[in-house]
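Written out below as structure tokens is the structure these notes cover.
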Amino acid sequence: MTWDLKSDRPIYLQLVEHLQLAIVSGRLPAGSRVPPVRELASQAAVNPNTMQKALQELEQSGLIQTQRTSGRIVTEDTDRIQATRQQLAKNQLDAFFEQMQRLGCTRHEILSLVEKELSIV
Amino acid sequence: MEPILECRKLFKDYTSCRALAGVDLSLYPGRIIGLLGPNGSGKSTLIKLAAGLLTPTSGEIFVAGKAPGAATKSLVSYLPERTYLPDWMTAQQVIDFFADFYADFDAQAAGDMLHRLNILPGTKLKTMSKGTKEKVQLILVMSRRAQLYLLDEPIGGVDPAARDYILQTILTNYNPEAAVVISTHLIGDVEKVLDQVVMLQNGQVMLCATVDDIRAEHGCSVDTFFREVFKC
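Residue numbers (this note's numbering), protein chains in the order written: chain A, 1 to 121; chain B, 1 to 232.
Right under this line is the structure:
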């Protein structure tokens, strides 16, 4: 995976989002091993302590679990992964509607634009 | 945890000016620290004091609890802003030289890095470009297993691709027992690998914070923040 990090927001938040996306999209499947901190930090070219902080955040939200002997794994709780996925989708929708409102689109316009787009895809 | 570098009310005066004006600072192992500040803010002076090349005018400085001197030289790996290596030597000869000098030097690691950066061991320093010489010197410094790395402008003359490799080297050499202090103006390039930023202004610490705290508080990168604070 490529780590595209923006310069205006805290790095650890972006790492959290990146890993969430990897989990909900199945690139890091439920129950699979999460690579070690150092390896992830090196891949993303970030400080290991920052990566550690991101993983701790994901642990607290329950997406990742620490096992005493074998490092970290992605949770096997698929409901939780599904819930995270829906939350991320909701965030995208909120942002989309905000943009459309700024453009002055009515509900009706938005709906017909979305339908048109979906029929092309 | 004991700080690896500690300064208390540290002052350094040169004949015509005051370089450090009361620095209080504690840096801990396991961190990569960016030492930032405009020209003449005291970055190099602070690093030279920690390396034991200068003595304080007043105040105290400790490396792993000891005053800088013969005993701390084995703990500190220092990259000066200028090269001091004899230029008639080849890359391999300076590696051998360092291996003789420092018990904690890993000649194997140094050889591997030379190879990765496409520097032939038989090349004389005299015939190398400025950037290549800097790479060799940084390889030497990073191949020691020290507790405190002091890197004074390590990536200034190095091309962007090699810069990435060097930062990657600093990350892969990351050791929870050691601290790395990097003084640089190329903030945008290094801020992702830093834990902590220490900003100096007129010989004093004006800010000591984590990169993410600065980004969260000011909504911009450390690079942008620096440009705003020190706008000319």
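Backbone N, C-alpha and C fix where the C-beta goes; we use that ideal spot for every residue, glycine too.
* Delimiting residues of the beta strand (DSSP E) encompassing B:Ile61 -> 58 to 63
* Is it right to say B:Leu148 is buried, meaning 16 or more other beta carbons lie within 10 angstroms of its own, or is it exposed? -> buried
* Asked: If you drop the 5 nearest sequence neighbours on each side, which residues of the same chain put their C-beta closer than 6 Å to that of B:Cys208?
  -> For B:Cys208, where only same-chain residues beyond five positions count, the Cβ hits under 6 Å are Val198.
* Sorted by chain position, which residues of the same chain lie with C-beta nearer than 7 Å to B:Thr132's C-beta, five sequence neighbours on each side aside? -> Ile119
* Start and end residues, alpha helix (DSSP H) containing A:Val114 -> 107 to 120
* Please state whether DSSP places B:Met142 in a helix, a strand or coil. => Of the three classes helix, strand and coil, the one that applies to B:Met142 here is helix, per DSSP.
* May I ask you to verify whether the stretch 147 to 161 of chain B touches the stretch 181 to 190 of chain B, counting CB pairs closer than 8 Å and requiring at least 3? => yes
* Are the CB atoms of B:Val63 and B:Leu125 nearer to each other than 8 Å? -> If you check the CB distance, B:Val63 and B:Leu125 do not come in under 8 Å.
* Just the chain A side, please: which residues come within less than 8 Å of B:Gln147 by C-beta, in chain order? => What B:Gln147 touches in chain A: nothing, since even the nearest Cβ is about 17 Å away.
* Which residues of chain A have a Cβ atom closer than 9 Å to the Cβ of B:Gly219, listed in chain order? -> Those within 9 Å of B:Gly219 in chain A are Asp8, Arg9.
* Asked: Would you say B:Ile33 and B:Ala178 are within 8 Å of each other, going by their C-beta atoms?
  -> Not a contact, by the Cβ cut-off of 8 Å.
* So, are the CB atoms of A:Val74 and A:Val37 less than 8 Å apart? -> no
* Asked: Does the beta carbon of B:Ala216 sit closer than 8 Å to a beta carbon anywhere in chain A?
  -> yes
* What are the boundary residues of the beta strand (DSSP E) that includes B:Ala209? -> Taken as a continuous stretch (DSSP letters only), the beta strand (DSSP E) holding B:Ala209 covers 204 to 210.
* Asked: Along the chain, where does the alpha helix (DSSP H) that runs through A:Val16 open and close?
  -> 11 to 24
* Who does B:Gly219 pair with in a DSSP beta bridge? -> Partner(s): none; B:Gly219 has no beta bridge.
* Asked: With respect to the beta strand (DSSP E) encompassing B:Gly22, which residues constitute its N-terminal and C-terminal limits?
  -> 18 to 27
* Roughly how far, in whole angstroms, is the beta-carbon of B:Ala99 from the beta-carbon of B:Val76, given that I think they are within contact range, below 8 Å? -> Rounded, the Cβ-Cβ distance is 18 Å, inconsistent with contact.
* Asked: Shorter than 8 Å from the beta carbon of B:Asp159 to some beta carbon of chain A?
  -> no
* Taking 8 Å as the cut-off, decide whether the C-beta atoms of A:Leu103 and A:Leu58 are in contact. => no
* **Alpha-carbon to alpha-carbon, A:Tyr12 and A:Ser61** => Near 15 Å, if we compare the C-alpha coordinates of A:Tyr12 and A:Ser61.
* **Assigned secondary structure, B:Leu79 (DSSP; H/G/I helix, E/B strand, else coil)** => strand
* Do we get a CB-CB distance below 8 Å when we pair A:Thr50 with the residues of chain E? -> Annotation note: the requested chain E is absent from the structure, which comprises protein chains A and B.
* To do: Determine the DSSP secondary structure at A:Ala30, reduced to helix, strand or coil.
  => coil
* Min CB distance B:Asp212 to chain A below 8 Å -> yes
* Extent of the continuous beta strand (DSSP E) run through B:Phe105 -> Segment: none, B:Phe105 is in no beta strand (DSSP E) and carries neither H nor E.
* Ignoring anything shorter than 3 residues or poking outside the stretch 168 to 202 of chain B, list the beta strand (DSSP E) runs there in chain order. => You should have 179 to 183, 196 to 201.
* Assign B:Gly40 to one of two classes, buried (16 or more other C-beta atoms within 10 Å of its C-beta) or exposed (fewer than that). => exposed
* Leaving out the 5 sequence neighbours to the left and right, which residues in its chain are closer than 7 Å to B:Lys12 when beta-carbon positions are compared? -> Ala19, Leu20, Thr45, Leu49, Leu54, Pro56, Thr57
* To do: From the DSSP output, in three-state form, read off B:Arg31 for me.
  => coil
* To do: Compute the distance between the beta-carbons of A:Pro10 and B:Ala216, then report whether it is under 8 Å.
  => In this structure, B:Ala216 lies closer than 8 Å to A:Pro10 by Cβ.
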